[in-house]
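Peer 1: Chains as they are written, first to last, in our numbering: chain A, 3 to 284; chain B, 23 to 296.
Just so you know, even glycine gets a beta-carbon here, dropped at the ideal spot from N, CA and C.
Structure, rendered in structure tokens:
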């Protein structure tokens, strides 16, 4: 078999032989959905000139106009009565776990990114791209200030005519809780577990920045490159995105708001040894 | 209040724009980390004391539980991975019911999870992928996670008892039938069913609202399929199943018919589009 499915009563997801997501199926809608990791290489600039600063802690300034991709392989597909998972790892220190819990209306992507290898002298910025066949006409929505969701249009600003010298970074916006795109039929929302940056650089795609390791300071004040290590290796980040699919006409704001709060305020979990406490006594 | 104020103070410091965005110098980042970690460690004593009060332990006796927090973000927990039986206590800080998937790092084995009412609940032992096990800073022997779904009340506390069984290993414990994408209704006492137009055999009597519990049944579901939206599919309480001619339909007959159809055609899903 060269395809695998994760499914519950609300949702079905198709994965190809390398473990990559290809389709999402709701009971009445099927659409293409891929979740792939890429990396941008950081620009090395001339910090004495404001328009030529390096990519650093304050600014995202990629060197290329297309990100670099990775090779993937499926490394596991546990299935049971509580959760179905698909494990995928790449050749560039990225691992992801797609999870669908029994009864859940949302789909969860848990990722482990890093340590980022900079032995080639290149600083790198890792992103995830959700690629769909939705026709969003360059329109996407972000809740940049955490209070209201604003409409964003690729290569446009509502107040003035825009010519972007940096087409990638110039279309990145802050994401506090969510970013979404939609067409006439479907809305695809990505809920983040922390504030991140992202945009919709290509038709039907959502891109979110996950992890960065850069070798040059950007001259905005920190005075250090964004190059943190632990135990001699670059940092590893582990995070989670929750993907929520809905009909474009459907008002699911309350469900989404609750899901966001559940993501940010999960139950506090404590564990205690019970070696002197038998089940019957408990 | 002393330890709580320490945490409040640390959280205040973390509102600084450099702490929020990560534009602080590295030695400042380490200092922030130290301040926040110490404040969290110290203030967790409040939760530990509160939980032991809930289990009504006399003040002069040692606490029943020495609660610990684990590093779930790297799937490690020193306590659960070496213990054969432990208690997992959860506090839901939100003002509504939540269904939270709990993932507890453990060694490989067979585990049973007991809900607060003493009943064993569904749990699953899931391996930890190598890309998590190999995180350079991870110091853990845990190879698996016990996963179960905790239903928590608004701002409620619940404890679950997890016990490692001394039996042959098994990947999962199945207590309930798991409903699949194409199983939308159950047959049994107070049967509930989801209407689907393309099955002329079923005729609803009256409607009711969906409940999560309806989707989980101990009765084997019958494979049916609908290409209608889940939202437009209303669950229906049925007193009697009727066929297209209005005659009462025997449940076993319905089960046989649908099974026969599924065997002939296989489960039906929406067509994939390229």
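Which same chain residues end up closer than 8 Å to residue 120 of chain A when comparing Cβ atoms and leaving out the 5 residues on each side of it in sequence?
Peer 2: So the qualifying residues of the chain are 126, 215, 217, 229 and 236.
Peer 1: Do you know how far the Cα of residue 47 of chain B is from the Cα of residue 32 of chain B?
Peer 2: If I take the Cα positions, the gap works out to 18 Å.
Peer 1: Given a limit of 8 Å on CB to CB distance, which residues of the segment 152–173 of chain B reach chain C?
Peer 2: Of the protein chains in the structure, A and B, none is chain C.
Peer 1: Between residue 165 of chain B and residue 222 of chain A, what straight-line distance do the alpha-carbon atoms span, to the nearest angstrom?
Peer 2: Each residue's Cα considered, the two are about 44 Å apart.
Peer 1: Go ahead and pull the three-state DSSP assignment for residue 170 of chain B.
Peer 2: Three-state DSSP puts residue 170 of chain B in a strand.
Peer 1: Please list the partners that residue 240 of chain A has in chain B, where partner means a Cβ-to-Cβ separation under 8 Å.
Peer 2: Near residue 240 of chain A (Cβ distances below 8 Å), the residues of chain B are 95, 96, 154 and 157.
Peer 1: Name the residue from A/76, A/264, A/258 and A/284 whose alpha carbon lies nearest to the alpha carbon of residue 113 of chain B.
Peer 2: Nearest option by C-alpha distance: A/264.
Peer 1: How close, in whole Å, do the beta carbons of residue 172 of chain B and residue 124 of chain B come, if the pair is a contact with beta carbons under 8 Å?
Peer 2: Indeed, because the Cβ distance is near 5 Å, the residues count as touching under 8 Å.
Peer 1: Skipping 5 residues on each side, what residues in its chain have a beta carbon closer than 8 Å to that of residue 135 of chain A?
Peer 2: Excluding positions up to five away in sequence, the list reads 33, 34 and 206.
Peer 1: Report the residue ranges of all alpha helix (DSSP H) runs contained in full by the segment 107–141 of chain B; include only those spanning at least 4 residues, in chain order.
Peer 2: Counting only runs of 4 or more, we get nothing.
Peer 1: Nearest CA to the CA of residue 188 of chain B: which residue from B/174, B/170 and B/107?
Peer 2: Selected option, being the one with the closest Cα: B/107.
Peer 1: Taking three-plus beta-carbon pairs below 8 Å as touching, is the segment 53–69 of chain B in contact with the segment 127–144 of chain B?
Peer 2: These segments do not touch.
Peer 1: What residue does the beta strand (DSSP E) around residue 188 of chain A start on, and which one ends it?
Peer 2: 188–194 is the span of the beta strand (DSSP E), which, as asked, contains residue 188 of chain A.
Peer 1: Can you tell me whether DSSP reads residue 35 of chain B as helix, strand or coil?
Peer 2: In this structure, residue 35 of chain B counts as helix in the three-state DSSP scheme.
Peer 1: How should residue 81 of chain A be labelled, buried or exposed, when 16 other C-beta atoms within 10 angstroms of its C-beta is the threshold for buried?
Peer 2: Buried, by the Cβ-count rule.
Peer 1: Can you tell me which of the three DSSP states residue 38 of chain A falls into?
Peer 2: Residue 38 of chain A falls in the strand class under three-state DSSP.
Peer 1: Would you say the beta carbon of residue 157 of chain A comes nearer than 6 Å to a heavy atom of the ligand MN?
Peer 2: Looking for the ligand MN in the displayed structure turns up nothing, as the structure carries no ligands at all.
Peer 1: To the nearest angstrom, report how far apart residue 234 of chain A and residue 116 of chain B are at their CA atoms.
Peer 2: So the alpha carbons of these two residues sit roughly 40 Å apart.
Peer 1: Please report the residue range of the alpha helix (DSSP H) in which residue 54 of chain B lies.
Peer 2: Looking at the DSSP string, the run of the alpha helix (DSSP H) that includes residue 54 of chain B is 48–76.
Peer 1: Among A/112, A/43, A/142 and A/252, which has the Cα closest to the Cα of residue 203 of chain A?
Peer 2: When each option's Cα is compared against that of residue 203 of chain A, the closest is A/142.
Peer 1: Can you give me the start and stop residues for the alpha helix (DSSP H) that residue 265 of chain A sits inside?
Peer 2: Element bounds for residue 265 of chain A: 255–266.
Peer 1: Quick check: the Cα distance between residue 304 of chain A and residue 71 of chain B, rounded to an integer number of angstroms?
Peer 2: Shown here, chain A extends from 3 to 284; a query on residue 304 of chain A therefore has no answer.
Peer 1: What three-state label does DSSP hand residue 227 of chain A in the structure shown?
Peer 2: Note: residue 227 of chain A maps to coil in three-state DSSP.
Peer 1: Beta-carbon of residue 97 of chain A versus every beta-carbon of chain B: anything under 7 Å?
Peer 2: Judged by the 7 Å Cβ criterion, residue 97 of chain A is in contact with chain B.
Peer 1: I need the DSSP call for residue 195 of chain B, collapsed to helix, strand or coil.
Peer 2: Confidence in residue 195 of chain B is poor, its pLDDT being 45 and thus under 50, which makes the residue's placement unreliable; the coordinate value appears in the next sentence. Residue 195 of chain B: strand per DSSP, three-state reduction.
Peer 1: Fully enclosed by the segment 66–129 of chain A, which beta strand (DSSP E) runs are 3 residues long or longer?
Peer 2: The segment 66–129 of chain A contains these whole beta strand (DSSP E) runs: 74–78, 85–92, 96–103 and 109–115.
Peer 1: If we call anything under 7 Å between Cβ atoms a contact, is residue 154 of chain A one with residue 144 of chain A?
Peer 2: Their beta carbons are under 7 Å apart, which means residue 154 of chain A touches residue 144 of chain A by this criterion.
Peer 1: So, does the segment 142–152 of chain B touch the segment 34–48 of chain B, judging by three or more C-beta pairs under 8 Å?
Peer 2: These segments do not touch.
Peer 1: Quick check on the DSSP output: the beta strand (DSSP E) that includes residue 210 of chain A runs from which residue to which?
Peer 2: Residues 207–215.
Peer 1: Using a Cβ cut-off of 8 Å, pull out every chain A residue sitting near residue 89 of chain B, in sequence order please.
Peer 2: The contacting residues are 272, 273 and 274.
Peer 1: Within the same chain, show all residues whose beta-carbon is closer than 6 Å to that of residue 118 of chain A, passing over the 5 residues directly before and after it, in chain order.
Peer 2: If we look at residue 118 of chain A and ignore the five residues flanking it on each side, its Cβ neighbours are 126, 215 and 236.
Peer 1: Please return the same chain residues whose Cβ sits closer than 6 Å to the Cβ of residue 191 of chain A, not counting the five positions on each side in sequence.
Peer 2: Closer than 6 Å at Cβ, skipping near neighbours: 180, 182 and 246.
Peer 1: Distance, Cα to Cα, residue 76 of chain A vs residue 150 of chain B?
Peer 2: Spanning the two alpha carbons is a distance of roughly 14 Å.
Peer 1: Mind pulling the chain B residues with CB within less than 8 Å of residue 47 of chain A?
Peer 2: Those within 8 Å of residue 47 of chain A in chain B number zero; the least Cβ separation is about 17 Å.
Peer 1: Residue 26 of chain B versus chain A: which residues are under 7 Å apart at the beta carbon?
Peer 2: In chain order: nothing, as chain A lies at least about 14 Å away.
Peer 1: Only counting the same chain, and skipping five residues up and downstream in sequence, which positions put a Cβ closer than 6 Å to that of residue 146 of chain A?
Peer 2: 175 and 176, listed in sequence order.
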